[in-house]
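Numbering-wise, this note's numbering puts 162 at position 140 of the sequence shown, and it's gapless, one number per residue. Don't be surprised by glycine CBs; every beta carbon is placed ideally from N, CA and C. Just below is one structure, and these are the notes that go with it.
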Amino acid sequence: MLLDVDGVLNPFERPHRGFKRQRCSPNGMTFKLWLNPAHGPSLLELAESTGAELAWASYWCDNANVWIAPRVGLPELPFVPIPQFPGIDEGRTLGAWKARHVAAWAKSRPFVWFEDEPDATKCIAGEPDVAEHLLVEIDPLTGLTDGHIAAAETWLNALDR
Ligand SMILES: [Mg+2]
């Protein structure tokens with residue numbers, strides 16, 4: 023289960039109950055995020071009940087383990103190494119760049135992707151040899167909800183392993 027940070031765990035609008043304002047300073051830059059300490063336990067329960075593994079798929083990369091994981095109740099997780107976006111050329115977009123690295127990291131493994139960037143989710147199907155996957159497209163204004171977790175659970179339980 024691939025997990026984005028901004029727009030997924032950190033919604034862009036002042037969110038509903040349960041979220042706390044957090045100050046995170048990766049690489050010397052300070053960001054104010056909304057994070058929900060109930061998200062980690064829900065995701066861990068989902069991982070345990072379905073036998074799936076959690077990993078970061080975010081431009082936060084390993085910084086998510088330092089700044090995000092402890093504030094949402096997650097342990098250190100593996101992460102998709104996404105190099106810095108080289109810039110728009112040959113029609114390549116930020117979302118397409120992320121999709122390429124997600125596909126390369128997942129290899130032949132089926133995956134669920136919690137992601138708010140429509141361009142990233144649109145591009146994943148075009149990557150070579152991408153395995154069976156569920157795109158859980160998230161509204162970045164509200165972020166991850168119980169409905170998204172339930173959708174992932176249904177799909178993972180139906181997966182033929
Ligand atoms: Mg995002």
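Query	Result
Cβ neighbour criterion (16 or more within 10 Å) applied to methionine 51	exposed
Those residues which DSSP pairs with cysteine 46 across a bridge	Phe53
Cβ pair count under 8 angstroms reaching 3, the region 28 to 48 against the region 70 to 89	yes
Of the listed residues Asp141, Leu181, His170, nearest to arginine 131 (C-alpha basis)	Leu181
Test item: CB-CB of phenylalanine 136 and tryptophan 119 under 7 angstroms	no
Closer than 6 angstroms: glutamate 139 CB and nearest ligand 1 heavy atom	yes
Secondary structure of valine 102, DSSP reduced to three states	coil
Rounded Cβ spacing between glutamate 98 and methionine 23 (contact assumed at less than 8 angstroms)	About 15 angstroms separates the two Cβ atoms, so there is no contact after all.
Option nearest tryptophan 82 by Cα separation, candidates Gly29, Glu67, Thr72	Gly29
Pairwise C-alpha distance: threonine 72 and leucine 66	10 angstroms
Any non-hydrogen atom of ligand 1 within 6 angstroms of glycine 117 CB	no
Check whether alanine 126 and cysteine 145 have beta carbons under 7 angstroms apart	no
The beta strand (DSSP E) enclosing leucine 96, as first and last residue numbers	No beta strand (DSSP E) holds leucine 96; DSSP gives it neither H nor E.
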